[in-house]
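Protein chains in written order, with this note's numbering: chain A, 47 to 358; chain B, 0 to 287; chain C, 13 to 353.
So, in structure tokens, the structure goes:
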């Protein structure tokens with residue numbers, strides 16, 4: 047369990063297979079603390095209260111500072127939101143990548159580093175010459191691809207990408223997501239993508255986890271999710287999406303997401319849920335496995351599915 | 000009455016949450032205290048020369064002793080502190096007022112207005128204020144507190160003008176300014192109603208800095224003997240002390256008290272400006 | 013230019029800076045809204061396309077370098093004080109960031125009271141309160157939720173609704189909505205968009221809806237302008253432009269939108285463009301550098317050609333020159349195999 051903000055439970059991390067992409071869908075931040083906590087990048091007042099984060103056999107939360115530092119970037123890396131702003135504006139791209147390499151693989155020679163930089167830039171579709179440029183000389187999409195290159199420099203097993211395309215135009219977004227998927231395949235890494243664009247998630251990830259009010263409420267393989275969303279929030283979200291292909295009446299979800307420090311009793315979604323019953327106001331539902339690879343946190347849906355199973 | 004009490008309570012809570020501001024305000028208040036309450040307990044006539052027996056160290060009769068001119072030091076403090084405070088506050092206020100006006104107008108109206116005002120500002124910045132002050136002081140012979148304040152203000156408005164101009168340049172592009180325009184507000188109304196209030200934190204910070212600078216400039220002149228000859232300001236006291244070799248004569252009670260008051264003043268102003276910086280600079284994480 | 017048009021933009025061009033390093037934000041753009049025929053025009057484009065600048069022109073916040081803009085038949089530049097005040101009142105805005113729309117120094121009602129006073133609609137406090145109360149009710153907000161509160165005490169969606177209420181109070185004829193929902197929570201967006209449609213249907217207000225999101229543009233608008241580097245490359249009804257995009261850039265844009273359906277292939281360009289257009293290079297078609305259908309004639313800027321009730325600025329649709337009609341370009345960007353599931 048991870049706690050952030052004013053002591054609210056965030057969610058549980060589960061073990062996943064390599065070379066798969068997870069999407070964490072969240073509007074307005076609840077999933078981000080989880081991702082940061084996985085990498086132990088969270089700052090006080092956030093703190094991890096309990097639980098484990100196991101990556102490649104070792105519990106990250108138990109590592110000491112030096113072991114953690116060694117693990118960072120080699121085993122797990124991070125592409126932050128607004129990555130274009132996390133490049134040092136007064137260093138050439140080449141030096142920034144070399145910096146990352148030297149910090150985590152000090153044994154490499156200068157020639158090795160140079161070769162690796164060229165390789166990396168090629169992998170993300172940038173010309174070799176880009177290495178000698180400063181960040182402000184690159185476009186938004188190019189900067190983001192540099193950040194991807196930085197994240198894969200030591201071929202980590204896990205990449206966490208936090209809204210990797212939110213500041214980019216839709217055409218550039220396509221290019222960057224393609225690069226990300228390519229890169230993931232090439233180095234056989236697992237990827238967690240955090241975002242709020244359902245279309246993007248549908249096209250980029252293998253499994254999706256939906257967060258609401260700081261809790262994971264629905265997880266499923268992506269095709270199953272869009273074909274048959276189970277949690278009422280997931281259903282409402284999908285229905286409220288404005289469609290590009292046809293004219294539909296616009297439907298939103300009444301009310302709004304509660305702030306983390308002022309959650310309603312019981313299930314946090316009950317004030318806005320069309321299925322809400324009395325018990326929803328009292329007890330918060332647990333995330334329960336309702337189908338192979340699918341978990342939902344909802345009393346009513348759980349009941350319905352169980353009934354269905356019993357009647358078959 | 001109730002409103003006054005709630006207002007005071009708010010103020011108290013505010014101060015309690017901001018220890019730096021509280022400390023600075025406390026220091027300055029103590030000086031104000033001396034200035035306002037002092038005359039009730041101390042006979043200010045004794046601040047005039049030839050009023051008491053000279054060169055006496057602190058005793059029960061004269062708590063801070065007397066100087067070579069026959070003035071009682073405590074009375075001098077009570078008389079001189081408000082003079083220095085007045086000069087600093089007046090100069091600071093005038094300088095910042097001129098600076099805010101010019102800076103805001105330049106940034107808001109841009110084009111020619113900006114060019115002219117910025118040109119004047121930048122040119123005047125190159126003029127060394129202390130040198131000008133020296134020349135004027137020597138020529139005019141006897142500078143009153145008000146005149147000194149005026150001259151210092153005339154030479155120190157440039158910095159506030161520049162900082163305010165920079166701030167207004169970014170403020171004027173904010174959406175709520177466009178909305179005000181779309182609501183039919185005239186340029187002048189936008190400047191006064193929408194922009195000025197958001198300049199308050201910066202203006203106040205500038206004011207504190209300007210006051211501090213003005214006091215320093217004034218002290219600088221006075222210590223050289225160019226201040227008012229008939230009023231025992233803090234700076235002049237130090238001047239007389241130097242002139243009469245109070246240091247070598249071991250008359251610490253003459254030069255130490257004015258310096259102590261000045262230290263309290265500068266430290267108080269400095270702490271307040273640090274506290275204000277915390278409000279103005281969001282990265283330092285303070286909120287009102 | 014007919015004087016019966018409510019709003020008329022004719023060949024508007026905006027250039028910033030001196031001629032050698034000039035940045036052209038908008039070039040040769042024309043737009044009109046007729047009196048009595050309210051419609052929602054969507055201006056879609058990516059960042060740098062000039063759409064925000066266009067919004068500012070309509071609002072009278074920026075003067076065009078060339079071209080004419082007229083409201084009720086009178087050119088903005090030559091309006092009298094009275095006419096200008098009327099223009100200000102009848103053309104309002106909903107901006108992108110619901111937070112910085114309000115001056116943080118004052119409570120929310122400050123922005124509501126100001127236009128009432130400035131436009132002479134109400135002067136007494138009680139009078140103003142009445143107007144405000146009525147408008148807030150229309151957007152589903154209780155006066156106690158809003159009056160006296162400061163901007164940071166309301167949510168983004170609530171603030172944006174207050175802005176809509178403000179518009180209602182002033183009974184404008186045209187509202188320029190610049191990305192009104194992009195900073196709002198996804199589940200609340202639909203409500204606000206519905207509200208905007210209601211403005212057209214029930215109150216006869218025309219909207220200029222500026223966005224980068226084609227899906228919302230599709231749902232909300234009647235007419236759609238696709239902007240690229242300051243030029244309108246395709247203009248037509250929202251349905252036809254999105255269903256059958258003609259201009260290569262429109263095709264690229266539509267194909268690049270990720271569909272929330274994993275079975276629909278995500279097309280669009282996956283490779284970064286081999287050539288990027290240089291800022292100053294505007295002699296030919298604005299899309300020249302990235303277009304896969306480049307032809308020699310494209311080195312001169314194409315005018316708008318009429319194609320299936322749309323205006324497309326592309327020589328591929330120039331049927332006047334050639335003997336055989338140019339076939340509709342096969343949409344090679346849209347290679348989806350399965351359509352519906």
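Even for Gly, the Cβ is constructed at its ideal location relative to N, Cα and C.
Per-residue DSSP class, three states only, for residue 317(A)
helix
Work out the CA separation of residue 81(C) and residue 315(C) for me, nearest whole Å.
21 Å
Indicate whether at least one CB of chain C lies closer than 8 Å to the CB of residue 171(A).
yes
Where residue 331(C) falls, given that 16 or more other Cβ within 10 Å makes a residue buried:
exposed
Identify the residues that DSSP records as bridge partners of residue 212(C): which are they?
For residue 212(C), which the question treats as bridged, DSSP gives no partner whatsoever.
Would you list the one or two residues that DSSP bridges to residue 200(A)?
Per DSSP, none; premise fails for residue 200(A).
Cα-Cα, which of 136(C), 238(C), 148(C) and 276(C) is closest to residue 325(C)?
238(C)
Would you call the CB atoms of residue 327(A) and residue 316(A) closer than 8 Å?
yes
Residue 312(A) versus residue 261(A): straight-line alpha-carbon distance, rounded
12 Å
Secondary structure of residue 10(C), DSSP reduced to three states:
This structure leaves residue 10(C) out entirely; chain C is present only between 13 and 353.
Against chain A, does residue 197(C) count as a neighbour if the rule is that its beta carbon must be under 8 Å from one of theirs?
yes
In chain C, what lies closer than 8 Å to residue 167(A) by C-beta?
Within 8 Å Cβ-Cβ: nothing; residue 167(A) doesn't reach chain C, min ~12 Å.
Inter-stretch contact (C-beta, 8 Å, three-pair minimum) for the stretch 238-252 of chain B and the stretch 183-190 of chain B
no
Residues near residue 81(B) in its chain [Cβ-Cβ closer than 7 Å; skip 5 each side]:
34
Presumed contact (8 Å Cβ cut-off) between residue 125(A) and residue 259(A), rounded CB distance:
Not confirmed; about 26 Å, so no contact.
Should the stretch 223-243 of chain C be regarded as contacting the stretch 59-77 of chain C, the criterion being three or more beta carbon pairs within less than 8 Å?
yes
Over what stretch of residues does the beta strand (DSSP E) that includes residue 249(C) continue unbroken?
243-249
Note down, in chain order, every chain C residue with its Cβ under 9 Å from the Cβ of residue 268(A).
274
Please tell me whether residue 37(C) has its Cβ less than 8 Å away from any Cβ of chain A.
no
Length of the line joining the Cα atoms of residue 58(B) and residue 72(B):
12 Å
Once DSSP output is grouped into helix, strand and coil, what is the label at residue 53(A)?
Residue placement at residue 53(A) cannot be trusted, given a pLDDT of 31 that sits under 50; the coordinates are not used to answer.
When the Cα of residue 184(B) is compared with those of 130(C), 143(C) and 194(C), which residue comes out closest?
130(C)
Just the Cα atoms here: how many angstroms apart are residue 264(B) and residue 54(B)?
27 Å
Which residue marks the beginning of the beta strand (DSSP E) containing residue 337(A), and which one marks its end?
334-337
Please look up how many angstroms separate the CB atoms of residue 150(A) and residue 120(A), rounded, as I've assumed it's under 8 Å.
5 Å
Relative to chain C, which residues along the stretch 287-299 of chain A have a C-beta separation below 9 Å, given in chain order?
287, 288, 289, 290, 291, 292, 293, 294, 295, 296, 297, 298 and 299
Apart from the five residues just before and just after residue 111(A), which ones in its own chain have a Cβ nearer than 7 Å to its Cβ?
none
Excluding the 5 residues preceding and the 5 following residue 14(B) in the sequence, name in chain order all residues of the same chain whose CB lies nearer than 8 Å to its CB.
20, 21 and 24
Residue 242(B) versus residue 38(B) - alpha carbon distance
27 Å
Could you give the residue range of the beta strand (DSSP E) that holds residue 28(C)?
17-28
Burial state of residue 329(A), where buried means 16 or more other Cβ atoms lie within 10 Å
exposed
Of the listed residues 219(C), 110(C) and 298(C), nearest to residue 51(C) (C-alpha basis):
219(C)
Residues in the same chain with beta-carbon distance under 7 Å from residue 212(B), minus the five sequence neighbours each way, listed in chain order, please.
155
Given that residue 117(C) touches chain B, what residues does it touch there, using C-beta distances under 7 Å?
196 and 197
What would DSSP say about residue 159(B), mapped onto helix, strand or coil?
helix
Put residue 69(B) into one of helix, strand or coil per three-state DSSP.
coil
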